[in-house]
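**Student:**
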Amino acid sequence: MTPNALLELLAQVQRGELAADAAAERLASLPFEDLGHTKVDHHRTLRNGLPEVIYAAGKTPAQTAEIFAAMAARGADVLATRVSPEAAAAVLAAVPHAQHHALARAVTLRQSTQAPRGHVAVLCAGTSDLPVAEEAALTAELFGTTVVRHFDVGVAGLHRLLSVRDTLREAHAVIVCAGMEGALPSVVGGLVGVPVLAVPTSVGYGASFAGAAALLGMLNSCSPNVSVVNIDNGFGAAYIATMIARASSI
Numbered sequence: 027m028t029p030n031a032l033l034e035l036l037a038q039v040q041r042g043e044l045a046a047d048a049a050a051e052r053l054a055s056l057p058f059e060d061l062g063h064t065k066v067d068h069h070r071t072l073r074n075g076l077p078e079v080i081y082a083a084g085k086t087p088a089q090t091a092e093i094f095a096a097m098a099a100r101g102a103d104v105l106a107t108r109v110s111p112e113a114a115a116a117v118l119a120a121v122p123h124a125q126h127h128a129l130a131r132a133v134t135l136r137q138s139t140q141a142p143r144g145h146v147a148v149l150c151a152g153t154s155d156l157p158v159a160e161e162a163a164l165t166a167e168l169f170g171t172t173v174v175r176h177f178d179v180g181v182a183g184l185h186r187l188l189s190v191r192d193t194l195r196e197a198h199a200v201i202v203c204a205g206m207e208g209a210l211p212s213v214v215g216g217l218v219g220v221p222v223l224a225v226p227t228s229v230g231y232g233a234s235f236a237g238a239a240a241l242l243g244m245l246n247s248c249s250p251n252v253s254v255v256n257i258d259n260g261f262g263a264a265y266i267a268t269m270i271a272r273a274s275s276i
């Protein structure tokens, strides 16, 4: 339930196009719908402007599909992250119009028609960071921002990053995904005057400690406009970047 959808529902009652009891039935699942294994928060968009998202890891394919279908039935845009191939197949069987993004390990369904608000740039240091970067880009796009991707622009070849610096300055927020030593966000932070959301990825040899080295490097960034999310958390970076971009575009 979005704010616009709620206002339209009330307007239909006011115009006599919808009976009050029918409107009450539509609102019966607010603030949440109890599926037994999950309480689906249909009210979240009304509270903070963005819908609930399904974290599929740890859920069975059937549970993921049931949650996805329940959210889709309410007309919401739906995102499921960390989706296994088996869970993706179950979701697509339940909601055929959904889209599976194998690289990002995500399934999406867009049902809203609002114009994009705000501009987010998504960067990654190397091709190995693509799954996390694509999760971030897809999340920001589904949440209604314009997204520009710049991939494989790591510090080992700094000229690749410098070739896109003019387009970076157009963004309201920049997401930077990097593994190894995690240096790229600091460099980007020195090039732009907007918040940089740094995402350490679990990419690298043994001493990278599955992303811990990149995480610590980013937390110690000398660029004061850099903030850090958890390892491989492209979704979390995109959520924050979307809120920044929306506020900046008002």
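If you read the sequence shown in the numbering used here, its first letter stands for residue 27, the second for the next number, and so on.
Where a beta carbon is used, it is the ideal one built from N, C-alpha and C, also for glycine.
Since this is a predicted model, take the numbers as computed values, not measurements.
1) Looking only at its chain, what residues have a beta carbon closer than 7 Å to the beta carbon of L164, apart from the 5 residues adjacent to it on each side?
2) Judging by CA-CA distance, which residue of Q125, R272, S154, A263 is the nearest neighbour of A236?
3) Just to confirm, are T171 and T268 a CB contact at a threshold of 8 Å?
4) Roughly how many whole angstroms lie between the Cα atoms of L149 and P111?
5) May I ask you to report which of helix, strand or coil DSSP gives P80?
6) Secondary structure at T227, three-state DSSP: helix, strand or coil?
7) Check each candidate in R108, F94, V109 and name the one with the smallest Cα separation from A102.
8) On the three-state DSSP scale, how would you describe R143?
9) Report the residue from V222, A233, R272, G243 whose alpha carbon sits nearest the alpha carbon of N307.
10) Quick check on DSSP: helix, strand or coil for V104?
11) On the criterion of 16 or more Cβ atoms from any shown chain inside 10 Å, does E91 qualify as buried, or is it exposed?
12) Does DSSP put I201 in a helix, a strand or coil?
13) Can you check DSSP and say which residues form a bridge with R277?
14) Going by CA-CA distance only, name the one from A99, V121, V213, A82 that's closest to A113.
15) If you measure between the beta carbons of S326 and P211, is that distance less than 8 Å?
16) Should L156 be labelled buried (16 or more other beta-carbon atoms within 10 Å of its own) or exposed?
**Tutor:** Here's the rundown:
1) Hits under 7 Å: H127, A130, A132, T134.
2) S154
3) yes
4) 26 Å
5) Residue 80 is actually Ile in this sequence, not Pro. Strand, per DSSP.
6) Note: T227 maps to coil in three-state DSSP.
7) The option with the nearest alpha carbon to A102 is F94.
8) It is coil, neither helix nor strand.
9) Nothing about residue 307 can be read from this structure; the chain reaches only from 27 to 276.
10) Of the three classes helix, strand and coil, the one that applies to V104 here is strand, per DSSP.
11) The sequence given here has Ala at residue 91, not Glu. When all chains shown are included, A91 counts as buried.
12) strand
13) This structure cannot speak to residue 277, because the chain is shown only from 27 to 276.
14) A82
15) What is shown of the chain runs 27 to 276, which leaves residue 326 out entirely.
16) buried
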